[in-house]
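One structure is given below, encoded as structure tokens.
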Amino acid sequence: MTGINFKEIEEKWQRKWEESKIFDAEIEKGKKKKFFLTVPYPYTSGPLHIGHGRTYTIGDMIARFKRLQGYNVLFPMAFHVTGTPILAIADSIAKGEKEVVERYRNYVSIYEDGEKVESIVNSFGNAENVANFFAERISEDFKRMGYSIDWRRRFNTTEPMYNKFIEWQFKKLYDKGVIKKGKYPIAFSIEEDSAVGEDDIEEGDINKVSIIEYTTIKFELSNDTYLIAATLRPETIFGVTNLWINPAARYVKVKVGKEIWIVSVEAAEKLGYQREEAELLEEEEVEGGFFVGKKVKEPVGGREISVLPASFVDEDVGTGVVYSVPAHAPYDYIALEDLRLEIAPIKIIDIEGYELPAKEICERMGIESQEDERLEEATQIIYKDEFYRGVLNEKCGEFAGIEIAAIKDEVKNWLKGKNVADVFYETSRKAVTRGGGKVIVAVLQDQWFIDYTPSWWKDRGHKLVEEMTFYPEKYKAYMQDIIDWLALRPCARKRGLGTRFPFEKEWIIESLSDSTIYMALYTIAHLLRQLPAEALDEKLFDYVFLGIGDAEELAKKVDADILKRIREEFEYWYPNDLRHTAPPHLSNHLVFFLMHHAAIFLENQWPKAISLNELMIREGRKMSKSKGNVIPLAKVSELYGVDLYRLYCAINADFASVVNWREQDVDALRRKFNALVGLFEQSMGVEKLKENEFTHMDRWLLSKFYRKLKESIERFETFRIREVGLNMVFNLMNDIKYYEYRESEERRRRIVRNIMADWLIILSPIVPHICEEMWHRSREEKGGRREERRLKFISLQTLPEIKEALIDDRVEREEEYLVSLIEDIKEIMKIARITPSKIYIYTAEKWKWEIFRAIKDLPDKDKIKEAMKLRKDKSTVDFVKQMMKNLPSKKTMEEHILYFELKEEEVLEREREYLMREFGCEIGINEEYDPKGKKKFAIPLKPAIYVEG
RNA sequence: GCGGGGGUAGCCGAGCAUGGACAAAGGCGCAGGACUUAAGAUCCUGUUCCGCAGGGAUACGAGGGUUCGAAUCCCUCCCCCCGCACCA
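Written out as structure tokens, the structure reads:
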């Protein structure tokens, strides 16, 4: 066991890295190629957990690997503060909402002692304090995780410098003509009189609330007075037989333009938030029962239909009026059955497998009452079937013969064109805010958008993606699709933290739109700070980022040297060589990141690559605060050790798979990791083996090591970090174990010494602290000047050269040969239940080798014929048959030609001692004695064996 | 329904592009053994079935096909996951 105090060495090396500023990236022109890596900045509304940590950790591994490859690496970090959640939290805490206060007490106590917690949480009534507190803690967490970040460039998204930068970004977009204004539906709280997001809604994080567009259809009751039914299936209007109304619900009149609409009280209120012209008439409310039995005119065919009562109609969904299509809607069918009215369903959709879909599904499922909950499910089934497979029939006029999926929108537009249909929005489920206020859909009349539809923009986006690399590759095609789908996107809201919208100051730029090109800011953030915020105007950014404008002109306002440096830094570091994040960002953040670069920056500043790793779950379940199963990143060091966590992230899954954080597996890995560290420790103060001392086994281990090292470097380049970890930890340790078995513990200590430096280097991106420690310990022994040692961090090394000469196929084949021979002998001993007194091994005779060489490249069917030409004897046929059965194909033979050149007898003689030790008996090699006639079964590379009991 | 990804031993998970040493890496679990007063850790062995000679049979979602040979290539089908779409 190792006596290492991991926590201590983590802290020691983190401190030394920081003191030596080795991760502060400076321009090094000419000497090294640069590599600029970014991972999205964290949102500072609370502590990060180990799931978030995966992405940052992998980002750091890449940064460290690139340094080893000789790149001048910039890996910066900042903090995301803009948006509504932090503000909402601050508001809740200011109001003293118990649940939120309690949650934040817990969060804060991750970091602080009991006494301070209260005052800190109290300070969270101010949003800025929330953001600052967590930004500070998260940056400490990141340092504690050993991330090789250049912290000088840190910023947050509400500081003036950032605001100026975002203003510039929006001016650029505005100039391109893609910033537009229009109507837009949003989730809205009446009580709080404001838009609400996922974080404001009760259980909004678990059960998302989306906005559903209903179509309202007017059924004329009398002149200009209509009952307004809402539907999700406007194409079924051709099959309407009656209206449904809830007799117990209350209805009112709303004046919309010149018309009077009758809807439920709830719907009237919603209409008020959705249509500017809707005006509630000051008349009394009427019970739904009032309308029962009245006749209305359906708008397509002008038929008179009845208003009927139905309990399933919910006054708080849609308009509280529903039109009935009993042929295709299970609810309608059942409700009519309940009323025992003779209303014939009108079938308007032809679909294979059904005559009257609604009737049949109800019968099949045994649904008999409109209170039956399975009606929902029946509706789903019918909807799905009809939507994808159904075709409108001859009752649908010009739309006949077309499948629903293709015609739905056209029918809707046609109805709107006839002025019988309108849009009504509803939430996808009933929802309330965390404060208990009802959530409805409101339509903003003058929402600001980014319009992603112009073809010049999409073309540039596609081109940009085409020229990029994605890891894993499959996401490239997916990203192209996302660009095609992208249309209008709201980019400002009335609430939240952030940059004021430059064209209308009461709007705040929305938080996904203000985090699209900020990577550019990293290149210059530390320098920009030296300028006053007022100086950061459009002209300055134009010059720095786009090279537009006159430096001399600008120098009148800002320091010319600083300006020059700023421009240089940007030109040096940009573009962003790799953005590493997680797949859920593809359809939002990443596509904006790419599109905004495509719109604003010159082509040579476009991003080069994106890599993505999947998320992390714990014990097979998603991590979430509501499940209470999150482990804060801040606790990693204490609970597991940072290097162990990092190793787990590297090894448990490849990028494309979810990491499952299982304590059992973590424990298993800990044992492995400790054993690894033990191997290094046991080789401290031990002499390397010199080349003239090398035995077969030494060469074998060196060959195994350098082969694995070579493969690992290749794999790291394409971010197959899992394979690197498995190779360089698990597989290599197994090799060493085998080596020790073959040789001795003592010799193992020495051979590990031969490979230790190179081994530590390749492991250092994954487990940097222990590697740094072992690296220094192994140097310390040798003396050397202190100063020199201080500078020689393993983090600053370059990848070891692959000692190709040590990769020795022959040596490896010899050992494989021996292993398989031993397996065969053991197999025989087991099957025959013999304890051997002597084991006889017979290698293939010379003539067999000759025939083998002569025919190995021939197709199987010619082999015997050819062999017989060379040696006319029945034993030749037996041998060739035996050989064909046992030896691999032509192709693999070529790959392993060396294997077949193996001098079997030599190897056996050399290993006679080992074989004797292994079996505890005499070994006879190619002796004449052959009582059971085994010798004739020998083929090249597969000796015959006789075990004597 | 469309797009994407999958289905491999008790479980997790590699292999599949370039078919052949594949009864299938590695890990976990389980069983036996060594060590130990004991537990743990560690190490060894085993973990489809049959076999007193290194072998054979059956196997990689199901079924067909191509091939001397298929986990790997082709076709059909089934199932799972994600995104989209969509659900009075």
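At position 841 of the first sequence the residue is numbered 1163 (the numbering used here), and the sequence of numbers has no breaks. We treat Cβ as the ideally placed atom computed from N, Cα and C, and that holds for glycine. Keep in mind that this is a model prediction, so the values were computed, not measured.
Cβ shell of residue i (< 7 Å), same chain only, five flanking positions each side left out
i: F634; result: Y653, A657, Q692
i: V1275; result: For residue 1275 there is no data in the structure shown, the boundaries of the chain being 323 and 1271.
i: N448; result: A412
i: R984; result: E941
Residue range of the beta strand (DSSP E) that includes residue i
i: V999; result: It is not in any beta strand (DSSP E) - V999 instead sits in the alpha helix (DSSP H) that spans 985 to 1004.
i: G504; result: 501 to 511
i: E1126; result: Where E1126 is concerned, there is no enclosing beta strand (DSSP E), given that its DSSP letter is neither H nor E.
i: R940; result: 938 to 940
i: K1032; result: Where K1032 is concerned, there is no enclosing beta strand (DSSP E), although the alpha helix (DSSP H) it sits in stretches over 1018 to 1039.
i: A904; result: Premise fails: A904 is in no beta strand (DSSP E) and is neither H nor E.
i: P812; result: 810 to 812
i: I539; result: 533 to 544
i: I1163; result: 1160 to 1164
i: S933; result: 931 to 934
i: E601; result: 600 to 602
i: W473; result: Per DSSP, W473 belongs to no beta strand (DSSP E) and is neither H nor E.
Cβ-based neighbour list, residue i, same chain, cut-off 8 Å, excluding 5 preceding and 5 following
i: A666; result: T563
i: A921; result: K494, L495, K498, V500, W779, R782
Where residue i falls: helix, strand or coil (DSSP)
i: Q491; result: helix
i: F1115; result: coil
i: E875; result: helix
i: S291; result: There is no way to answer for residue 291, as the model of the chain reaches only from 323 to 1271.
i: K577; result: strand
i: P793; result: For the record, residue 793 in the displayed sequence is Tyr; it is not Pro. Looking at Y793 - three-state DSSP - the assignment turns out to be strand.
i: L1121; result: coil
i: E626; result: strand
i: T379; result: helix
i: G405; result: strand
i: I331; result: helix
i: R815; result: strand
i: T775; result: coil
Span separating the alpha-carbon of residue i from that of residue j
i: I273; j: N451; result: Because the chain here runs from 323 to 1271, residue 273 falls outside it and cannot be looked at.
i: E698; j: T558; result: 18 Å
i: M399; j: H902; result: 12 Å
i: P1253; j: R1155; result: 18 Å
i: G1255; j: K1207; result: 20 Å
i: M323; j: D987; result: Summary for M323: the model assigns pLDDT 46, below 50, so the residue's position carries little reliability; its value from the coordinates is reported in the next sentence. Looking at the two C-alpha atoms, the distance is approximately 19 Å.
i: R427; j: R815; result: 30 Å
i: F464; j: V952; result: 17 Å
i: Q702; j: Y363; result: 41 Å
i: N735; j: L565; result: 22 Å
i: E682; j: D806; result: 40 Å
i: E1126; j: A956; result: 43 Å
i: E1138; j: K930; result: 44 Å
i: V531; j: K417; result: 25 Å
i: S1086; j: M1151; result: 46 Å
i: E524; j: I534; result: 19 Å
Delimiting residues of the alpha helix (DSSP H) encompassing residue i
i: I805; result: 796 to 807
i: V643; result: V643 -> not in any alpha helix (DSSP H); beta strand (DSSP E) instead, spanning 643 to 646.
i: S461; result: 449 to 466
i: A1176; result: 1168 to 1177
i: V430; result: 420 to 433
i: N1076; result: 1067 to 1085
i: L862; result: 860 to 863
i: T1198; result: 1196 to 1208
i: K1059; result: 1054 to 1064
i: N974; result: 964 to 974
Close Cβ partners of residue i (< 6 Å) along its chain, the five nearest in sequence each way excluded
i: S414; result: V422
i: Q1119; result: I1083
### Task
Could you tell me which uninterrupted beta strand (DSSP E) segments, each at least 3 residues in length, are contained entirely in the region 691 to 769, listed from first to last along the chain?
Counting only runs that start and end inside the region 691 to 769, the beta strand (DSSP E) elements of at least 3 residues fall at 743 to 749.
### Query
At what residue ranges does the region 1234 to 1270 contain a whole run of the alpha helix (DSSP H), taking only runs of 4 or more?
1234 to 1241
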